[in-house]
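Asker: Submitted below is the structure of interest, expressed as structure tokens.
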Amino acid sequence: MLSPAAARRIFDIVLGNTRARDAEVTVAGLRQDLTRFAENAIHQNVSEESVSVSLRVVLDGRTGRATTGRIEEHALRRLVLAAEETARLAPPDADLLEVLGPQTYSVPERHDPATEEADPTARARAAQVAIETARAAGMKAAGYVSTGAQLLAHATSRGLSAHQTWSAAGFSLTVTGADSTGWVLQTAPSLADLDASVLARRATQKAVAARAPRPLPPGEYTVILEPAAVADLLGFLRPGFGARQVQEKQSFLTDRLGTPVFGANIALADDCQHPLATGPVFDGEGVPRRPVSLVEAGVARGLVYDRRCAAKAGVAPTGHGLPEPNAIGSWAQNLALAGGDSSVERMIAATRRGVLVTRFWYCRQVEPMQVVITGLTRDGTYWIEDGRVAHGLQNARFNQGVVALLNRVTALGVPERAGGGEEPPLVVPALAAEGFRFTG
Amino acid sequence: MDDLAEFADLALDAARAAGATYADCRVVERRTQLLSVKNARVGDLNEAEELGIGIRVFTGGALGFAATHDLSAAAIRRTAARAAAIARASALCPPAHPSFADEPPAVASWATTFAIDPFRIPLSEKIDHLLRVDAAIHSVKGITSGEATLNLLRETKLFVSTAGARIRQERTHTGAGCKAGAFRDGELQERSYPAAFGGQFQARGWELVEELRMAEHAPRLAEEAVALLSAPPCPAGETDLLLESSQVALQVHESVGHPIELDRVLGSEANFAGTSFLAPGDIGSLRYGSEAMNIVADATPAHGPSIASFAFDDEGVAAQRNEIVRAGRFAGFMTSRETAAAVGAARSNGCMRAESWARIPLIRMTNVSLLPGTWRFDDLVGDTQDGIYMSTVRSWSIDDRRLDFQFGPEIAWEIKGGKRGRMFKNPTYGGITPVFWGKLDAVCGPADWTLWGIPNCGKGQPGQTIGVGHGAAPARWRKVRVGAAGR
Numbered sequence: 329m330l331s332p333a334a335a336r337r338i339f340d341i342v343l344g345n346t347r348a349r350d351a352e353v354t355v356a357g358l359r360q361d362l363t364r365f366a367e368n369a370i371h372q373n374v375s376e377e378s379v380s381v382s383l384r385v386v387l388d389g390r391t392g393r394a395t396t397g398r399i400e401e402h403a404l405r406r407l408v409l410a411a412e413e414t415a416r417l418a419p420p421d422a423d424l425l426e427v428l429g430p431q432t433y434s435v436p437e438r439h440d441p442a443t444e445e446a447d448p449t450a451r452a453r454a455a456q457v458a459i460e461t462a463r464a465a466g467m468k469a470a471g472y473v474s475t476g477a478q479l480l481a482h483a484t485s486r487g488l489s490a491h492q493t494w495s496a497a498g499f500s501l502t503v504t505g506a507d508s509t510g511w512v513l514q515t516a517p518s519l520a521d522l523d524a525s526v527l528a529r530r531a532t533q534k535a536v537a538a539r540a541p542r543p544l545p546p547g548e549y550t551v552i553l554e555p556a557a558v559a560d561l562l563g564f565l566r567p568g569f570g571a572r573q574v575q576e577k578q579s580f581l582t583d584r585l586g587t588p589v590f591g592a593n594i595a596l597a598d599d600c601q602h603p604l605a606t607g608p609v610f611d612g613e614g615v616p617r618r619p620v621s622l623v624e625a626g627v628a629r630g631l632v633y634d635r636r637c638a639a640k641a642g643v644a645p646t647g648h649g650l651p652e653p654n655a656i657g658s659w660a661q662n663l664a665l666a667g668g669d670s671s672v673e674r675m676i677a678a679t680r681r682g683v684l685v686t687r688f689w690y691c692r693q694v695e696p697m698q699v700v701i702t703g704l705t706r707d708g709t710y711w712i713e714d715g716r717v718a719h720g721l722q723n724a725r726f727n728q729g730v731v732a733l734l735n736r737v738t739a740l741g742v743p744e745r746a747g748g749g750e751e752p753p754l755v756v757p758a759l760a761a762e763g764f765r766f767t768g
Numbered sequence: 304m305d306d307l308a309e310f311a312d313l314a315l316d317a318a319r320a321a322g323a324t325y326a327d328c329r330v331v332e333r334r335t336q337l338l339s340v341k342n343a344r345v346g347d348l349n350e351a352e353e354l355g356i357g358i359r360v361f362t363g364g365a366l367g368f369a370a371t372h373d374l375s376a377a378a379i380r381r382t383a384a385r386a387a388a389i390a391r392a393s394a395l396c397p398p399a400h401p402s403f404a405d406e407p408p409a410v411a412s413w414a415t416t417f418a419i420d421p422f423r424i425p426l427s428e429k430i431d432h433l434l435r436v437d438a439a440i441h442s443v444k445g446i447t448s449g450e451a452t453l454n455l456l457r458e459t460k461l462f463v464s465t466a467g468a469r470i471r472q473e474r475t476h477t478g479a480g481c482k483a484g485a486f487r488d489g490e491l492q493e494r495s496y497p498a499a500f501g502g503q504f505q506a507r508g509w510e511l512v513e514e515l516r517m518a519e520h521a522p523r524l525a526e527e528a529v530a531l532l533s534a535p536p537c538p539a540g541e542t543d544l545l546l547e548s549s550q551v552a553l554q555v556h557e558s559v560g561h562p563i564e565l566d567r568v569l570g571s572e573a574n575f576a577g578t579s580f581l582a583p584g585d586i587g588s589l590r591y592g593s594e595a596m597n598i599v600a601d602a603t604p605a606h607g608p609s610i611a612s613f614a615f616d617d618e619g620v621a622a623q624r625n626e627i628v629r630a631g632r633f634a635g636f637m638t639s640r641e642t643a644a645a646v647g648a649a650r651s652n653g654c655m656r657a658e659s660w661a662r663i664p665l666i667r668m669t670n671v672s673l674l675p676g677t678w679r680f681d682d683l684v685g686d687t688q689d690g691i692y693m694s695t696v697r698s699w700s701i702d703d704r705r706l707d708f709q710f711g712p713e714i715a716w717e718i719k720g721g722k723r724g725r726m727f728k729n730p731t732y733g734g735i736t737p738v739f740w741g742k743l744d745a746v747c748g749p750a751d752w753t754l755w756g757i758p759n760c761g762k763g764q765p766g767q768t769i770g771v772g773h774g775a776a777p778a779r780w781r782k783v784r785v786g787a788a789g790r
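Given below as structure tokens:
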């Protein structure tokens, strides 16, 4: 993968060749290896190495961007010409800010060289564990084992220089039986943190427990959402915490800042420094990402700001801006929902009749202001009766407002990094809530 | 200009040296331009290029794939060797009978056509165009957001294989669309033109943007967004349902296009995109829908200027037109060389495509199109006594076997006594795939048929996003469950 030294060489060439006084360069490098299996065999086994160099310049009150996937000197010189040409032809932008000068960053150690360089045999062995565990239960395994790393570096013509490297490993498994499935997904900075045996047993046990599923009649139910299911729904709140979305009246928080939007037991933050978080500690303009308290005791307290929206609002940017120019502004990519003192086991024990959900699937927004989501349960849905799992349930469609859901939470577990696989993971606990609307 | 063939030949030599019994590679050079204007300000403005190579190596009874942006000789050799090592590692958990349907190696060259090269239109003219569309949206009282976007792509791809294939393809795609938003009293309503997901995408040039006449449509669009705020919600119940053609395209995409991917049927996507309610033995026997339902998967350029048309797929298989549903009866899958062999087919029907040089080809929809019927749209409305007409995708969700769906268009109108009446907001409809298609009773004719390009179909791990095509015309379904879905 591209090294920080190679990124510095790119900065020197690009910034040394532009005539713009204000210029910013972002260099991204990716190494990603993934071993995919299905029907108890490895069927797709891949590796990729890529780079991206993106330059934005400001010329005469106009700005433009160009990007290249090539790092030869002639390609970088062409990049400079392309960025300058886009700026020359862009309309004047009265709100343009000069690029940032030097910043100070707190960069957590999230890079495991062994995970970046993991060989395909290591991944194949983990896949083998998954397959053998499912096969021993008379079931089929499908999933993946991934390893890799990313470099993100940012520099400006005014002296800013930042870089960060982090590794990533993932293990996901769907175990399929005659009439049921079970699933698990875990991600971590290091492959060594993923125990294939434990995860494979969990997915297999889920599939076994979901056998002979029964239909769930439409209605409102008490639900226990495991962390992946919580992340599947909470992810839809992310755009709404962006300041520009609120300023342009496209957020569920439009006209609601400072008011109670969720129950008093809900606290949400965006925090890239959270021990379970991942990703860069600076944004698309090089601003250090700082923790932002978004919701305190159910009251909407904060938004994430890019520099432009922050200037308009008269506040400091929070370090969540996307690369300029863009149509979105800022993005809360490290949502963290505060937990409580419960657990899935205790929530089940406290539930007389309800539904336990492993994950959701194909969630889409039906209505933006109450953040109503439709989707289905998948890979392990269970009926709870008198404090215990009674039997499996067939997958069921729901239509549920996330805002309404977070007003009816009765218990919260310990946060973990979780996601359903469709969107990047969040830091969320399991939760129990009343009145969840399954529509059949 | 880089010599793509030099990189490709080096990769094949390196793959052979690494022990490949078969190898192919794609060298892909791509240029894109993304422009958007939102609320009178330039949103996106990015000119991008990339070049890279992806090498697929078959050795030891399995495939391995590796890709790199680094086209130095040393890096290409290293990447080919990595692909071979990956293939050998797969032997720990090998598939039962890996094999590939035969395909004669082709030597060919092909390119899409356009009337006006979109990359030669000055950037300032493009931005002015988008600013005019945005201004037209904002000219309507009550509008709180407006957006117009333009996406351009030019790609040159060279595919070579150790079997002797050598195929160069060049394509130019243009996409454009706009969206109006109106917020009032805690409610947001939006309207898109000519379709959701950034509008229309075709293998054409700037002439597509001119034909869309977005600035002329924008005020009507904006007025509808504002009117939706005062409209009653779509009533719940069972009624006849008419869908506008881009919504029909989505219906085809989700409930036909994905379940007919043979890799899903065979379990390859079980962990992510899901499987399918179809089985290999369903060909010729399963009733997919009514007699009015005729669907093809047609990758040939003759189908139209689609972003999913090509001359050869990413395994070097020639583009084909295949019947998927004939008069309601299921007729065939979309296949690859490997899945074709798995079900005993003599040949792949050529549906393998990769998002980029960095990803492996997967079975992806080509142009999965509902063939036109004979109705004129006005006659179809006139023939409907009690129904709802819904238009433009807003939300879409379907289960992992592609059976249970719920879709929510942006806007709907009541139809009473053969006439379009009052507007409804927040419409949704749902059903079970073969039951729903069994209720199809009328499809509009060629005059109302549009070849839509949808740019954002996702599949695979690592994820791949690719453009697909769907020809569709407005159509009618009888007695469908409709109604507001949530709160």
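Chain order of the listed sequences is A and Y.
Residues in the first sequence are numbered from 329 upward in steps of one, following our numbering.
Residues in the second sequence are numbered from 304 upward in steps of one, following our numbering.
Think of the CB as a built atom: it goes at the ideal place given N, C-alpha and C, for glycine as much as any other residue.
Keep in mind the model is a prediction, meaning the values are calculated, not measured.
Starting from the beta carbon of A/R325, find every residue of chain Y whose beta carbon is closer than 7 Å, and list them in chain order.
Answerer: No information on residue 325 of chain A is available, as it lies outside the stretch 329 to 768 that chain A covers here.
Asker: Based on DSSP bridge pairs, tell me the residues matched to Y/E541.
Answerer: Against the second sequence, residue 541 of chain Y aligns to sequence position 238. Its beta-bridge partners are Y/R784.
Asker: In whole angstroms, what is the alpha-carbon distance linking Y/S612 and A/G667?
Answerer: Stepping through the second sequence from its first residue, residue 612 of chain Y is reached at position 309. Stepping through the first sequence from its first residue, residue 667 of chain A is reached at position 339. Each residue's alpha carbon lies about 50 Å from the other.
Asker: Residues in its own chain within less than 6 Å of Y/F575 by CB, not counting five upstream and five downstream?
Answerer: On the second sequence, residue 575 of chain Y is found 272 positions in, with the first residue counted as 1. Q764.
Asker: Strictly below 7 Å CB to CB, what residues from chain A border Y/D347?
Answerer: Translated into the one-based positions of the second sequence, residue 347 of chain Y becomes position 44. Within chain A, the residues near Y/D347 are P653, N654, A655.
Asker: Suppose the cutoff is 6 Å on Cβ atoms and the five residues either side in sequence are ignored; what does the same chain contact list for Y/F417 look like?
Answerer: Taking the second sequence and counting its residues from 1, the one referred to as residue 417 of chain Y is at position 114. Answer for Y/F417: T475, R507, G508, listed in chain order.
Asker: Straight-line CA distance for Y/R790 to A/L565?
Answerer: For the purposes of this step, residue 790 of chain Y is taken as the residue at position 487 of the second sequence. For the purposes of this step, residue 565 of chain A is taken as the residue at position 237 of the first sequence. Here Y/R790 scores only 36 on pLDDT, less than 50, and its place in the model should not be relied on; the value that follows carries that caveat. In a straight line, the C-alpha of Y/R790 is about 16 Å away from that of A/L565.
Asker: Alpha carbon to alpha carbon, how far is Y/A521 from Y/R667?
Answerer: As a working mapping, residue 521 of chain Y is identified with position 218 in the second sequence. As a working mapping, residue 667 of chain Y is identified with position 364 in the second sequence. Using only the alpha carbons, I get a separation of about 33 Å.
Asker: Which residue from Y/G690, Y/R319, Y/C537 puts its Cα closest to that of Y/T362?
Answerer: For the purposes of this step, residue 362 of chain Y is taken as the residue at position 59 of the second sequence. It is Y/R319 whose Cα lies nearest to the Cα of Y/T362.
Asker: Can we say the segment 452-469 of chain Y touches the segment 663-679 of chain Y, given the rule of at least three CB pairs closer than 8 Å?
Answerer: No contact exists between the segment 452-469 of chain Y and the segment 663-679 of chain Y.
Asker: By DSSP, does A/D340 sit in helix, in strand, or in coil?
Answerer: Mapped onto the first sequence, residue 340 of chain A falls at position 12. DSSP places A/D340 in helix when its eight states are reduced to three.
Asker: Do Y/R784 and Y/G741 come within 7 Å of each other at the CB atom, strictly closer than that value?
Answerer: For the purposes of this step, residue 741 of chain Y is taken as residue 438 along the second sequence, with counting starting at 1. For the purposes of this step, residue 784 of chain Y is taken as residue 481 along the second sequence, with counting starting at 1. Going by C-beta atoms, Y/G741 is not nearer than 7 Å to Y/R784.
Asker: Taking the alpha-carbon of Y/K341 as reference, which of Y/A376, Y/D306, Y/L531, Y/I430 has the nearest alpha-carbon?
Answerer: Residue mapping note: residue 341 of chain Y aligns to position 38 of the second sequence, counting from 1. Ranking Y/A376, Y/D306, Y/L531, Y/I430 by Cα distance to Y/K341 puts Y/I430 first.
Asker: Return the chain-ordered ranges of every beta strand (DSSP E) run that is complete within the segment 442-498 of chain A and spans a minimum of 3 residues.
Answerer: Qualifying beta strand (DSSP E) stretches, in chain order: 468-484.
Asker: The beta strand (DSSP E) spanning Y/F615 covers which residue range?
Answerer: Start at 1 with the first residue of the second sequence, and residue 615 of chain Y comes out as number 312. Run containing Y/F615: none; DSSP gives neither H nor E here.
Asker: For the candidate residues Y/A634, Y/G502, Y/L354, whose alpha-carbon lies nearest to that of Y/I563?
Answerer: Looking up residue 563 of chain Y in the second sequence gives position 260. Among Y/A634, Y/G502, Y/L354, the Cα nearest to that of Y/I563 is on Y/A634.
Asker: Can you tell me which of the three DSSP states Y/D744 falls into?
Answerer: Here residue 744 of chain Y is taken as the residue at index 441 of the second sequence, counted from 1. Y/D744 falls in the strand class under three-state DSSP.
Asker: If the cut is a Cβ gap below 8 Å, which residues of chain Y does A/I459 touch?
Answerer: The residue you call residue 459 of chain A lines up with position 131 of the first sequence. The answer, in chain order, is C396.
Asker: Helix, strand or coil for A/G563? Go by DSSP, reduced to three states.
Answerer: As a first step, residue 563 of chain A must be located in the first sequence, where it is residue number 235. A/G563 falls in the helix class under three-state DSSP.
Asker: With a cut-off of 7 Å, does the C-beta of Y/E618 fall near any C-beta of chain A?
Answerer: Residue mapping note: residue 618 of chain Y aligns to position 315 of the second sequence, counting from 1. No, no contact with chain A.
Asker: In chain order, what residues of the same chain lie with their CB nearer than 6 Å to the CB of A/N373, ignoring the 5 residues before and after it?
Answerer: Sequence index remark: in the first sequence, residue 373 of chain A carries index 45 (1-based). Contacts found: T363.
Asker: Per DSSP, what kind of secondary structure is Y/G685 in: helix, strand or coil?
Answerer: For this step, residue 685 of chain Y is matched to residue 382 along the second sequence. Of the three classes helix, strand and coil, the one that applies to Y/G685 here is helix, per DSSP.
Asker: Quick one: list the residues of chain A neighbouring Y/H372, beta-carbon separation under 8 Å, in chain order.
Answerer: Locating residue 372 of chain Y in the second sequence gives position 69, counting from the first residue. What Y/H372 touches in chain A: E377, S378, V379, G397, R398, I399.
Asker: Can you check the segment 383-414 of chain A for any beta strand (DSSP E) of at least 3 residues that lies completely inside it and give the ranges in chain order?
Answerer: Here the runs fully enclosed are 390-396.
Asker: Is the Cβ-Cβ distance between Y/T452 and Y/S339 less than 7 Å?
Answerer: As a first step, residue 452 of chain Y must be located in the second sequence, where it is residue number 149. As a first step, residue 339 of chain Y must be located in the second sequence, where it is residue number 36. In this structure, Y/S339 lies closer than 7 Å to Y/T452 by Cβ.
Asker: Give the residues of chain A in contact with Y/K341, contact being defined as C-beta atoms less than 7 Å apart.
Answerer: The residue you call residue 341 of chain Y lines up with position 38 of the second sequence. Per Cβ cutoff of 7 Å: A655.
Asker: With a cut-off of 8 Å, do at least 3 Cβ pairs link the segment 678-697 of chain A to the segment 600-610 of chain A?
Answerer: Contact between the segment 678-697 of chain A and the segment 600-610 of chain A is absent, because fewer than three Cβ pairs lie under 8 Å.
Asker: Short of 7 Å in beta carbon distance, which residues of its chain neighbour Y/W678, apart from the five on each side in sequence? Order them along the chain.
Answerer: Counting from one through the second sequence, the residue named residue 678 of chain Y turns up at place 375. For Y/W678, where only same-chain residues beyond five positions count, the Cβ hits under 7 Å are A745, V746, C747, G748.
Asker: Could you confirm whether any beta carbon from chain A is found closer than 7 Å to the beta carbon of Y/S651?
Answerer: In the second sequence, counting from the first residue as 1, residue 651 of chain Y sits at position 348. No, no contact with chain A.
Asker: Give, in chain order, every residue of the segment 552-581 of chain Y whose Cβ lies closer than 8 Å to some Cβ of chain A.
Answerer: Answer in chain order: L569, G570, S571, E572, A573, N574, F575, G577.
Asker: Work out the CA separation of A/P753 and A/V700 for me, nearest whole Å.
Answerer: Here residue 700 of chain A corresponds to residue number 372 of the first sequence, with the count starting at 1. Here residue 753 of chain A corresponds to residue number 425 of the first sequence, with the count starting at 1. Using only the alpha carbons, I get a separation of about 20 Å.
Asker: Looking at the structure shown, is Y/M596 part of a helix, part of a strand, or coil, going by DSSP?
Answerer: Here residue 596 of chain Y is taken as the residue at index 293 of the second sequence, counted from 1. Note: Y/M596 maps to coil in three-state DSSP.
Asker: Given that a residue counts as buried once 16 or more other Cβ atoms are within 10 Å of its Cβ, and exposed if not, what is Y/M304?
Answerer: Residue mapping note: residue 304 of chain Y aligns to position 1 of the second sequence, counting from 1. Low per-residue confidence applies at Y/M304: pLDDT is 49, beneath 50, and the placement is therefore not dependable enough to give any value.
Asker: List the residues of chain B whose Cβ lies closer than 9 Å to the Cβ of A/D421, in chain order.
Answerer: Looking for chain B here will not work: the only protein chains present are A and Y.
Asker: Return no unless some Cβ of chain A is closer than 7 Å to the Cβ of Y/T447.
Answerer: For the purposes of this step, residue 447 of chain Y is taken as residue 144 along the second sequence, with counting starting at 1. Judged by the 7 Å Cβ criterion, Y/T447 is in contact with chain A.
Asker: Going by DSSP, what residue range makes up the beta strand (DSSP E) through Y/Q767?
Answerer: Residue numbering aside, residue 767 of chain Y sits at position 464 when the second sequence is read from its first letter. Taken as a continuous stretch (DSSP letters only), the beta strand (DSSP E) holding Y/Q767 covers 767-775.
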